Every structure is written in structure tokens, then in C-alpha cells.
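Undergrad: Here the numbering used here is used: the first residue of the sequence shown is 3, the next is one more, and so on.
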Amino acid sequence: MKPISTLIVMSSLFTTVAIAQNPLAIPPSLSGTNFNLTLQEGTTDFYLGVTTNTMGANGSLLGPTLILQKDDFISISVDNQLQDTTTIHWHGMHVAPENDGGPHSIIPPNSIWNPQFTVMDQAGINWYHPHLHMQTNKHVSKGIAGLIIVKDADEAALTLPRDYGVDDFPIVIQTKGFDSNGQIEWMSELDTSLMVNGTIDPYLDAPAQVVRLRILNGSSQRVYKLGFTNDMAFELIGTDGGLLEAPVNLTRYQMAPGQRADILVDLSSLQGQSLQLLSYSSEIGNAIYGSSQPGIMPQHTNNLVGYTSNPLNGTNFVILDLNIGAPTAAPVTTIPSTLITQNILAEGTEDITRSLTFSTQQNIVGPFLINGSTFDMGTINETIPLGNREIWSLTNQTPIAHPFHIHDVQFRILDINGNPPPPELQGLNDVVLVPGGMGNIRFITEFLDFANDTIPYMYHCHMLTHEDQGMMGQFIVTDPNNDLSENNGLERKILVYPNPSAGDFHVDISNLGDEVTEISIISSAGIKIKTVESPSHITEFNVNLDTGIYFINIQLSNGQILTKKVVIE
Ligand code: C2O
Ligand code: CU
Ligand code: CU
3 MKPISTLIVM SSLFTTVAIA QNPLAIPPSL SGTNFNLTLQ EGTTDFYLGV TTNTMGANGS
63 LLGPTLILQK DDFISISVDN QLQDTTTIHW HGMHVAPEND GGPHSIIPPN SIWNPQFTVM
123 DQAGINWYHP HLHMQTNKHV SKGIAGLIIV KDADEAALTL PRDYGVDDFP IVIQTKGFDS
183 NGQIEWMSEL DTSLMVNGTI DPYLDAPAQV VRLRILNGSS QRVYKLGFTN DMAFELIGTD
243 GGLLEAPVNL TRYQMAPGQR ADILVDLSSL QGQSLQLLSY SSEIGNAIYG SSQPGIMPQH
303 TNNLVGYTSN PLNGTNFVIL DLNIGAPTAA PVTTIPSTLI TQNILAEGTE DITRSLTFST
363 QQNIVGPFLI NGSTFDMGTI NETIPLGNRE IWSLTNQTPI AHPFHIHDVQ FRILDINGNP
423 PPPELQGLND VVLVPGGMGN IRFITEFLDF ANDTIPYMYH CHMLTHEDQG MMGQFIVTDP
483 NNDLSENNGL ERKILVYPNP SAGDFHVDIS NLGDEVTEIS IISSAGIKIK TVESPSHITE
543 FNVNLDTGIY FINIQLSNGQ ILTKKVVIE
């Protein structure tokens with residue numbers, strides 16, 4: 003039992019706006035090609051005198067911003083020092099399924115996961131977060147999340163602010179709930195505490211020039227409608243999938259969980275003044291979490307315990323105070339009128355249209371189903387031929403909007419309830435808010451580069467409570483020309499025999515020519531079962547395994563990993 007005085011202090015702390023102003027924390031940045039992330043537990047004092055247990059990467063809350071260069075071959079070592087098993091997913095990145103960090107790529111406590119891949123994405127903003135089935139909300143809410151900034155030559159050729167923490171700022175917006183002991187409460191809807199980069203009541207000293215905000219809605223559920231004081235205009239230059247063709251001039255931008263926004267704001271004439279970034283949540287439409295009425299009918303509000311009393315719902319609130327100071331020595335003072343040229347997939351060129359329907363028992367709590375099913379780790383919901391160009395048609399029969407997210411690809415929205423998308427939704431995205439009450443979204447995308455007929459990619463609602471309840475499905479991309487998905491000719495040179503086997507098999511790498519540094523056997527759940535360092539030409543394995551499909555990862559000295567399959571009977 004907490005003493006009553008503490009409870010009173012706590013509740014006033016958690017409901018009062020802006021008692022003190024705190025300088026916005028800027029997560030450290032890491033760049034290069036080798037990254038180390040240590041997932042760890044720790045504590046954070048969000049509120050004066052209240053110690054909250056948190057989780058972070060390389061610290062006790064959130065994680066460093068990873069700055070990646072397109073076309074670099076990178077290696078990320080993720081060391082799990084939590085007491086929980088988890089995974090780390092590179093949200094928005096186009097990587098092979100075995101590097102994607104979905105729920106099958108588990109990292110047990112005290113073990114290291116080391117994905118290696120070439121950065122194929124355009125310049126833009128992605129992020130990383132845990133993705134263990136039914137634990138995603140816990141691990142994200144407790145604090146594990148970080149930004150990924152991808153750079154490329156097209157972006158570098160533009161005059162844009164890109165001095166991290168000086169005129170180019172990471173802005174990770176989250177709401178969390180706290181229980182009466184000051185601990186993060188991820189099971190409820192009581193997300194009454196707003197923070198940016200983990201800072202409550204933040205202010206940012208910004209220079210009087212064009213400033214870039216790299217915004218992530220990293221909240222578990224909440225939608226924001228961003229805008230500045232006095233309806234000051236800003237330019238949206240990029241969305242989830244990177245830069246737009248041209249800046250879009252806006253006074254509001256609605257962001258659902260998981261979405262990113264690359265924004266320029268011209269502070270040139272505001273030196274000595276201050277400005278606020280707000281969420282105009284009173285303007286959010288019905289049937290969206292964050293509005294005054296989160297379902298299509300007023301009575302749906304009662305489904306969510308504490309929703310009406312949450313001061314953030316349906317009212318305008320401050321996200322960040324900006325205090326405008328002197329400009330830097332070499333300020334950016336203009337905003338380019340065009341950005342990059344995008345390759346736009348036209349409707350009519352698709353191979354198929356795939357339809358997904360969201361349903362529930364007429365409430366807004368869930369669980370929610372996709373095509374009548376709840377998520378099952380052992381079921382592949384969709385099989386997609388490599389190279390397919392597809393339209394996905396998403397129909398939401400539930401009374402609340404769901405932010406739909408798909409791994410592997412970026413898509414372009416064709417229409418929303420039959421209407422063409424507004425300019426700010428015409429770029430590339432990997433999250434889209436599908437309206438409640440029979441809302442429909444259609445998007446077009448293509449599934450290129452990566453096929454793996456055993457490890458799936460995910461698609462799901464990015465409201466983490468919904469995802470953890472099973473509003474998720476999985477798809478595999480298969481290469482019709484190669485039933486082992488061995489796209490790389492090198493893999494064909496590796497012999498595995500007998501296959502299937504009872505656990506006694508040989509891996510012959512003598513035809514490979516390249517230097518092999520290690521061979522490891524991985525379960526379909528991603529667990530490393532056995533590793534042989536500096537293997538000879540033929541390695542004999544004699545392993546006692548449950549029946550099923552296992553992977554043999556053959557690591558070359560240049561860092562490349564070749565994958566073969568072995569079936570144990
Ligand atoms: Cu941001 Cu499947 O996740
Ligand atoms: Cu993702
Ligand atoms: Cu949902």
C-alpha cells in the first residue's frame with residue numbers, strides 16, 4: 003500500500019499540464035556500418051521523485067538514433083540483456099525476412115542476434131522496436147524504440163537541414179499510462195502522460211532558420227493531429243517511405259501509431275519568440291483513438307475504461323515548446339520547391355488484388371480479426387510470388403479506425419473510401435489508418451528482392467494492444483523459379499545430404515570457393531542450435547532435433563550469409 007499522500011501527489015502529477023519545463027532529450031546517434039545495441043532494464047525519473055522501471059537500448063529508456071547510408075552493408079549486433087525474450091524489428095526497412103526481426107526471430111535473454119544486410123531504402127525515417135508476439139506493447143511501452151535515419155545521394159543533393167540535434171531534430175512522440183506506483187501500465191487505455199523522446203513537458207531551443215523535425219508517432223495507440231500555434235504553416239517533405247516529390251504545405255498533419263513525418267518549419271523571422279507544436283485532437287474525426295468519440299457510435303466510448311476522463315482525448319494539447327534563438331553560422335533559409343522523382347505504380351498494372359477484412363464483435367476493445375482469423379505463429383495467411391505487383395483492399399467492418407502496417411514494402415494509397423488521397427497521403431507509406439465503420443483503403447505495392455518460403459513477414463494493426471491480441475497475419479514471398487528460394491547462385495553450390503534426415507546430415511561447402519567463417523543451424527523460431535567455426539569442406543552434423551524445417555546459415559568472410567534448409571524427419 004502506498005501512503006495516501008504519495009497517491010495524491012502522484013495523481014496530481016499525472017494529470018496537471020506543464021508544472022516544469024524540461025529540455026528535450028536528444029537520443030545519441032550512431033553511424034557507420036557496425037552497430038551494437040544492448041537491450042537493458044533500468045529506471046527513469048519521468049516525474050520528480052518518482053522512479054519508474056523502464057527498458058532501453060544502450061541506456062535505460064529508448065535507444066540511439068541509427069544513421070544509415072543507402073547501399074552500405076551493415077551489421078547490427080543486438081545483445082538482449084533483458085530478463086524477457088524479445089525481438090527487434092526494423093520498421094520500414096526493406097530487408098530479407100530473416101533480418102526483419104519479426105516474431106519468429108526471437109532473442110532469448112543473454113543472447114545476441116546479428117542481422118546483416120545491405121541498406122536498400124531511400125533516404126527517410128524508419129524506426130526499430132520489439133516485436134515478440136503478445137509482448138510488443140509491453141516492451142515498447144516500457145521504453146524500447148529508436149529512430150533510424152537513412153541517407154542517400156538524392157537527399158544529399160538537396161539544400162535541407164541535416165545537422166542532427168542542431169537544425170535536424172528527432173521527435174519521438176509517445177503517450178504512456180502510469181499506475182499508482184508510478185510504473186508504466188501497458189494493459190490499460192489510460193495513456194494520460196505525453197512525452198517526446200522520453201521527456202515530459204519538453205522544450206527545445208531551436209535556431210531562427212529552416213528547421214527539420216523527424217517525427218515518429220511511437221505511441222501504442224494514440225493518433226495525433228499535428229499543427230503549430232496560430233495555424234502556422236509547415237512543409238511536409240517526407241512520409242514513411244522517404245521524400246515526397248515536392249513539399250506539401252500544411253497546417254495540420256494527422257499521424258497514426260507507427261507513422262513518420264519529415265517536416266520543415268521556417269523559424270527565420272521568429273528569433274526571441276516561442277512557438278508550440280500541438281495536437282489539435284479536438285479536430286480528430288470520430289472513430290479514431292484520440293478523438294472525443296473513439297467509435298462510430300457515442301456508446302462505444304464506454305467500451306474503453308477511463309477514455310472520457312483522459313485529458314488528452316478530444317482536446318488540443320501541447321506536444322513541444324520551441325524557443326527560437328539565434329541562427330547557426332550556416333543556416334538553411336530556403337525550402338526547395340521540388341524534392342525527388344518517384345517511380346509511381348499505376349493501377350491496372352497489378353497482378354492481383356488481395357482483400358483483407360477487419361472484423362469484431364461490435365465493440366472497440368477487440369480482439370479484432372483479419373479475414374476472420376486471429377494471429378497464429380504456425381499459419382501462413384498469404385503466399386505472394388516474388389515480383390508480384392498487388393493491390394491490397396482493406397475493409398474495416400469494426401467501429402474504430404485501425405492503423406494497418408505491412409513489413410517488407412512501402413505502398414502507395416490509391417483511394418480512401420473511394421476517393422483519391424489528399425496530397426499529404428500521396429507519398430510512400432507503410433502504415434495507413436483504415437477508417438472505422440466499413441471504411442476502405444486500397445494501396446498498390448510490389449514484392450521485390452526477397453523470397454523465403456519459411457520465414458514470414460507480418461502485416462498488422464499498429465495499435466499495439468490490437469496487435470498483441472492477434473490483429474496480425476503473416477505472409478511469405480516465394481520465388482516461383484526456385485522452390486528453395488535460393489536466389490543467389492552461391493547457395494546452389496552448397497550441398498546438404500541426406501535431406502530430409504533424422505538429424506545426421508552433411509554440409510558440403512567445397513564447391514563454394516569463398517571463405518566460410520562459420521556454419522550454424524537455426525530453428526524456424528530463430529534459435530541458434532549449433533555453430534561450427536572455420537568449418538572444413540564437409541561438416542558432419544549429428545543433432546537431436548524435433549521434426550521440422552531448420553536453416554543452415556553459412557557465413558562468408560565478407561559478412562554475407564547464405565541460407566539452406568534442412569528437413570528433420
Ligand atoms: Cu512497427 Cu510489425 O511493426
Ligand atoms: Cu514493421
Ligand atoms: Cu487496431
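The C-beta atom is built at its ideal place from N, Cα and C for all residues, glycine as well.
Values in this document were obtained by computation on a predicted structure and should not be read as measured data.
Beta-carbon separation of Ser-361 and Ser-395 under 9 Å?
TA: Position 359 of the sequence shown, counted from the first residue, corresponds to residue 361. Position 393 of the sequence shown, counted from the first residue, corresponds to residue 395. Cβ distance not < 9 Å, so Ser-361 and Ser-395 don't count as in contact.
Undergrad: Just the Cα atoms here: how many angstroms apart are Leu-564 and Met-299?
TA: Numbered from its first residue, the sequence shown carries residue 564 at position 562. Numbered from its first residue, the sequence shown carries residue 299 at position 297. Each residue's alpha carbon lies about 53 Å from the other.
Undergrad: Can you tell me whether Pro-25 is helix, strand or coil according to DSSP?
TA: Locating residue 25 in the sequence shown gives position 23, where the first residue counts as 1. In this structure, Pro-25 counts as strand in the three-state DSSP scheme.
Undergrad: I'd like the list of long-range same chain contacts for Glu-469, defined as Cβ closer than 7 Å, with 5 residues on each side in sequence excluded.
TA: The residue you call residue 469 lines up with position 467 of the sequence shown. Cβ neighbours of Glu-469 beyond the five flanking positions: Thr-138, His-462, Cys-463.
Undergrad: For Asn-489 and Asp-203, I'd like the C-alpha separation in whole angstroms.
TA: One-based indexing of the sequence shown puts residue 489 at position 487. One-based indexing of the sequence shown puts residue 203 at position 201. With a pLDDT of 44 at Asn-489, under the threshold of 50, the modelled position of that residue is not reliable, and no figure is offered here.
Undergrad: Quick check: what's the CA-CA separation for Ser-487 versus Leu-430?
TA: The residue labelled residue 487 in the question sits at position 485 within the sequence shown. The residue labelled residue 430 in the question sits at position 428 within the sequence shown. Unreliable positioning characterises Ser-487 in this predicted model, as indicated by a pLDDT of 43, which lies under 50. A coordinate reading is not provided.
Undergrad: Secondary structure at Leu-558, three-state DSSP: helix, strand or coil?
TA: Here residue 558 corresponds to residue number 556 of the sequence shown, with the count starting at 1. Leu-558 falls in the strand class under three-state DSSP.
Undergrad: Specify, as a first and last residue, the run of the beta strand (DSSP E) that Glu-625 falls within.
TA: Outside the displayed span of the chain (3 to 571) sits residue 625, for which this structure offers no information.
Undergrad: According to the Cβ coordinates, are Ala-263 and Ile-217 closer than 9 Å?
TA: Position 261 of the sequence shown, counted from the start, is the residue given in the question as residue 263. Position 215 of the sequence shown, counted from the start, is the residue given in the question as residue 217. Result yes, Cβ atoms of Ala-263 and Ile-217 sit closer than 9 Å.
Undergrad: Buried or exposed, going by whether 16 or more other CB atoms sit within 10 Å of the CB of Val-168?
TA: As a working note, residue 168 is residue 166 in the sequence shown. By the neighbour-count rule (16 or more Cβ atoms within 10 Å), Val-168 is not buried but exposed.
Undergrad: Pick out every residue whose C-beta is nearer than 5 Å to a heavy atom of ligand 3: which are they, in chain order?
TA: Result: His-404, Cys-463, Met-465, His-468.
Undergrad: If you draw a straight line from the alpha carbon of Asp-193 to that of His-135, how long is it in whole angstroms?
TA: Residue numbering aside, residue 193 sits at position 191 when the sequence shown is read from its first letter. Residue numbering aside, residue 135 sits at position 133 when the sequence shown is read from its first letter. So the alpha carbons of these two residues sit roughly 21 Å apart.
Undergrad: Using only alpha-carbon positions, find the residue among Thr-46, Pro-111, Thr-89, Pro-117 that is nearest to His-131.
TA: As a working note, residue 131 is residue 129 in the sequence shown. Checking every option, the nearest Cα to that of His-131 belongs to Thr-89.
Undergrad: Buried or exposed, going by whether 16 or more other CB atoms sit within 10 Å of the CB of Asp-485?
TA: Position 483 of the sequence shown, counted from the first residue, corresponds to residue 485. With a pLDDT of only 47 at Asp-485, under 50, the local geometry of the prediction cannot be trusted, and the value read off the model is given with reservation. The residue in question, Asp-485, is exposed, as its Cβ has fewer than 16 Cβ neighbours within 10 Å.
Undergrad: Using C-beta distances below 6 Å, list every residue in its chain close to Pro-437, excluding the 5 sequence neighbours before and after it, in chain order.
TA: If you number the sequence shown from 1, residue 437 lands on position 435. Result list for Pro-437: Ala-403, in chain order.
Undergrad: What separation, rounded to the nearest whole angstrom, lies between the Cα atoms of Glu-392 and Gly-441?
TA: Numbered from its first residue, the sequence shown carries residue 392 at position 390. Numbered from its first residue, the sequence shown carries residue 441 at position 439. Roughly 20 Å separates the two Cα atoms.
Undergrad: Mark Pro-163 as exposed unless 16 or more other C-beta atoms lie within 10 angstroms of its C-beta, in which case mark it buried.
TA: Numbered from 1 along the sequence shown, position 161 holds the residue referred to as residue 163. Pro-163 should be labelled buried.
Undergrad: Any heavy atom of ligand 1 closer than 8 Å to the beta-carbon of His-106?
TA: Along the sequence shown, one-based indexing puts residue 106 at 104. The answer is no for His-106.
Undergrad: Between the beta-carbon of Phe-413 and the beta-carbon of Ile-446, is there less than 9 Å?
TA: In the sequence shown, the residue the question calls residue 413 occupies position 411. In the sequence shown, the residue the question calls residue 446 occupies position 444. For Phe-413 and Ile-446, yes; Cβs fall inside 9 Å.
Undergrad: Specify whether the segment 221–232 and the segment 272–291 touch according to this definition: at least 3 beta carbon pairs, one from each stretch, less than 8 Å apart.
TA: Taking 8 Å as the limit for Cβ pairs, the verdict is that the segment 272–291 does touch the segment 221–232.
Undergrad: Could you pull out every residue in the same chain whose Cβ sits closer than 6 Å to the Cβ of Ile-443, ignoring the five residues on either side in sequence?
TA: For the purposes of this step, residue 443 is taken as residue 441 along the sequence shown, with counting starting at 1. Answer for Ile-443: Leu-396, Ile-418, Val-434, Val-436, listed in chain order.
Undergrad: By DSSP, does Asp-323 sit in helix, in strand, or in coil?
TA: Against the sequence shown, residue 323 aligns to sequence position 321. The answer is strand: DSSP assigns Asp-323 an E or B state.
Undergrad: If you drop the 5 nearest sequence neighbours on each side, which residues of the same chain put their C-beta closer than 8 Å to that of Phe-319?
TA: The residue given as residue 319 occupies position 317 in the sequence shown. Closer than 8 Å at Cβ, skipping near neighbours: Val-19, Leu-196, Leu-280, Ser-281, Ser-283, Pro-313.
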